[in-house]
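What follows is a set of notes on a single structure, which appears directly below.
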Amino acid sequence: MSATQAAHLAEQAIGHQDNAVTQQDVSDYKQTGDSGETMKALAWQGKNKVEIVDVPKPKILEDRDVILKVTGSTVCGSDLHLLDGTVVQLSKGDILGHEFCGIVDQVGSAVDASKVKPGKRYVASFQIACGDCFFCKQNLSSQCEKTNSNTTARAMYGGRTAGIFGYSHLTGGFAGGQAEYVRVPLGDVNLLEIPDDVPDEKGKDDNFPATTYTQKADARFLALYLSDVLATSYHCVKDTPVYPGDEVAIWGAGPIGQMCGSFAAREGAKKIIFIDTEPRLTYLKKRFPTEYQDKLETIDYKKLSHGITSQETVVSKLKELCGGRGPDAALECAAGEYAKGYLHKLEMLVGAETDTSEILNEMIEGVRNYGRCGVTGVYVGYTNHFNVGSLMQRGIRLVGNGQAPVHKYWHDLLKQIQTGEVDPLQMVSHRVRLEDLDKVYYKFQKHEDGIQKVFVETKFSLPKAEGTPELTRY
């Protein structure tokens, strides 16, 4: 029996709690009855299998629902945790995708008309928040108490996150936005309007120099990335935190890590060290903001040894680059499934652990005494061989950054996009069609075609903006 099957059986036996204020397990719209219209969507079909399918178009179920025509979505590295079955409680046919933006098509009768209007453009938060619970009132929307009633999550973690779009029944079972339409519960809380007056031409700001390759990009295109990746990377830097003058090591040079590096540099970090391998390190060097290139260092972990050895390792290289002490802060932007050593690979294969501790141990051992370690990469369960001794003896601060509270940051980040202070296009490598998205998943999983971050267009998308990637067909 797979972990997903076991988790489903456990949830059925225990039953959902009664805390949710919005309907749970609406993951493919078949549960809501036939609306009479169909749409295309990317659906999970089993471990390592996704497919573009025709499904019922969503309809208003609750009076605060909003239906969006999706004009853009993307693929997150954490979507691969769904593809490969790392995240439990997926069901065949679940619609994926937690990052999306679009045009309001329908509005429920109780939606605040001052916040959401038909025909306007909005970006959705990847998490679904109620807006008035204990955590929402503190702007910690990712831990909303009223949008996820899953008891398995509570049993696994001692608590649970907010509901999340397209991210399994463990997070509420909400259909995602890798589709032509999407239902947004509590729409007047979970949508941010994209201003119409945002200029397409983005010249240099004297205080915040724009990078050279995106000065003419349409900010309505860029606003998509407020949904998750920008808020997640910004939160990692703020929450760990990174201080002016810090030397910072970042595990993972994917989109989250790349943006963490930019935000850390803006916070005043004097050195940014990325740990990854090719082709990502080359992509990073080409696309990292020009004004911060002098802060950039890279470590190719595949060229180094690991574990207990007299040879050079990631840890010894970090000490060398940081005055013998190690960096002040370490940011984990990879995930717990990327095992290096045979022991961890074996333990994960037989189910003795769900996540490797190797990156966490490199962080803990690599930073200076009283250094800070922030974990924003996804870890789903348990690990072995964790160096708690180093953590305690050397006073290391280990911070689980958690799912980023998007609502806390997205107004500020939108302003930064408008001014050119933040440039999401540094991470965007491809523009693809929704109809090809299943193939894109497989390419992304295999690290092919240099895919870093994609913009997924639908039949409702705006024409390609100047300065953005050309369409790639698969």
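For what it's worth, the UniProt record's numbering labels the leading residue of the sequence shown as 1, then goes sequentially.
Quick reminder that beta carbons are idealized off the backbone N, C-alpha and C, glycines included.
What you are looking at is a predicted structure, and each value in this text was computed from that prediction instead of being measured.
Inter-residue spacing [alpha-carbon to alpha-carbon] between Tyr251 and Asp65: One detail in the question is off: residue 251 reads as Trp in this sequence, not Tyr. Whole-angstrom Cα-Cα distance: 39 Å.
Suppose contacts are defined by Cβ-Cβ distances below 8 Å. Is Glu337 in contact with Gly374 by that definition? The answer is no: Cβ separation not under 8 Å.
So within the region 286-344, which uninterrupted beta strand (DSSP E) runs reach at least 3 residues, ignoring any that extend past its ends? Fully enclosed beta strand (DSSP E) runs of 3 or longer: 296-300, 329-332.
For Leu281, which residues of its own chain have a beta-carbon under 8 Å away from its beta-carbon, when the five flanking residues on both sides are left out? Cβ within range, chain order: Ala253, Phe274, Thr298, Asp300.
So, helix, strand or coil for Pro195, using DSSP? Note: Pro195 maps to coil in three-state DSSP.
Let me check one thing: in DSSP terms, what residues is His430 bridge-paired to? In the DSSP output, where bridge partners are listed per residue, His430 has Val454.
Nonlocal neighbours in the same chain, by C-beta distance under 7 Å from Asp28, ignoring five residues either side: Excluding residues within five positions, the ones whose Cβ falls inside 7 Å are Ala43, Val55, Gly93, Asp94, Ile95, Ala175.
Bridge partner(s) assigned by DSSP for Thr38: Within the DSSP bridge table, the entry for Thr38 names Pro56 as partners.
Within 10 angstroms of the Cβ of Leu90, are there 16 or more other Cβ atoms? Answer buried if so, exposed if not. Leu90 is buried by the Cβ-count criterion.
DSSP three-state call for Ile103: helix, strand or coil? Three-state DSSP puts Ile103 in a strand.
Out of Lys47, Gln138, Gly72, which one is the CA nearest neighbour of His81? Of the candidates Lys47, Gln138, Gly72, the one whose C-alpha sits nearest the C-alpha of His81 is Lys47.
Ile364 versus Lys319, Ile52, Glu466, Leu343, residue with shortest Cα-Cα distance: Answer by Cα proximity: Lys319.
Could you give the C-beta distance for Leu414 and Thr468, rounded to a whole number, given that I count them as a contact under 8 Å? Wrong, their Cβ atoms sit about 18 Å apart, outside the cutoff.
Rounded separation between Lys303 and Asp436 - CA only: If you take the alpha carbons of Lys303 and Asp436, they lie about 35 Å apart.
Measure how close the beta-carbons of Ala231 and Ala404 come, nearest whole angstrom, since I'm counting them as under 8 Å. Here Ala231 really is in contact with Ala404; their C-beta atoms are around 5 Å apart, less than 8 Å.
Assign Ile256 to one of three DSSP states: helix, strand, or coil. Taken through DSSP and simplified to helix, strand or coil, Ile256 comes out as helix.
From Glu312 to Ser305, what does the alpha carbon distance come to, in whole angstroms? Here the alpha carbons of Ser305 and Glu312 stand approximately 6 Å from one another.
Quick one: what does DSSP say Cys144 is sitting in, helix, strand or coil? Coil at Cys144, not helix or strand.
Reducing DSSP to helix, strand and coil, say where Leu398 ends up. Residue state for Leu398 is assigned as strand, using DSSP reduced to three classes.
Could you check if Ser310 is buried or exposed, using at least 16 other CB atoms within 10 Å of its CB as the buried criterion? Per the 10 Å Cβ criterion, exposed.
Per-residue DSSP class, three states only, for Leu425: Shown here, Leu425 sits in a helix according to DSSP, grouped into three states.
Apart from the five residues just before and just after Val104, which ones in its own chain have a Cβ nearer than 7 Å to its Cβ? If you ignore the 5 residues before and after Val104, its C-beta comes within less than 7 Å of the C-beta of Val66, Leu68, Val116, Lys117, Pro118, Gly119, Lys120, Tyr122, all in its own chain and listed in chain order.
Exposed or buried, which one is Gln258 when buried takes at least 16 other CB atoms within 10 Å? The residue is buried, with at least 16 neighbouring Cβ atoms inside 10 Å.
Are three or more beta carbon pairs between the region 406-422 and the region 374-394 nearer than 8 Å? Counting Cβ pairs under 8 Å, fewer than three are found: no touch.
Count the other CB atoms within 10 Å of the CB of Glu353; is the residue buried (16 or more) or exposed (fewer)? Glu353 is buried by the Cβ-count criterion.
Three-way DSSP call (helix, strand, coil) for Met373 in this model: Looking at the sequence provided, one finds Cys at residue 373 rather than Met. Three-state DSSP puts Cys373 in a strand.
Backbone CA spacing between Tyr225 and Lys446 [nearest angstrom]: Going from the Cα of Tyr225 to the Cα of Lys446 covers about 23 Å.
Beta carbon of Gly172 nearer than 8 Å to that of Gly166: Their beta carbons are not under 8 Å apart, which means Gly172 does not touch Gly166 by this criterion.
Quick one: using the 10 Å Cβ neighbour count with 16 as the cut-off for buried, is Pro195 buried or exposed? Burial call: exposed.
Given Ser357 as reference, the closest of Thr383, Gly77, Ser109 once Cα atoms are compared: Comparing Cα positions, the closest option is Thr383.
Rounded to the nearest angstrom, how far is the Cβ of Leu191 from that of Val182, given a contact under 8 Å? Between Val182 and Leu191 the Cβ distance is about 11 Å, and since that is not below 8 Å, they are no contact.
Which same chain residues, not among the five before or five after Pro199, have their C-beta less than 6 Å away from its C-beta? Bear in mind that a pLDDT of 32 at Pro199, under 50, signals an unreliable position, so the model cannot answer this.
Looking at C-alpha atoms only, which residue of Phe455, Met39, Val399 is the closest neighbour of His235? Of the listed residues, the one whose Cα sits closest to His235 is Val399.
Give the secondary structure of Ala124 by DSSP, where H, G and I count as helix, E and B as strand, and everything else as coil. In the structure shown, Ala124 sits in a strand (DSSP, three-state: E or B).
Beta-carbon separation (whole angstroms), Phe221 vs Val237, contact threshold 8 Å: Actually they do not touch by this definition, with Cβ atoms about 24 Å apart.
Quick check on Arg160: buried or exposed, where buried means 16 or more other Cβ atoms within 10 Å of its Cβ? So Arg160 ends up on the buried side.
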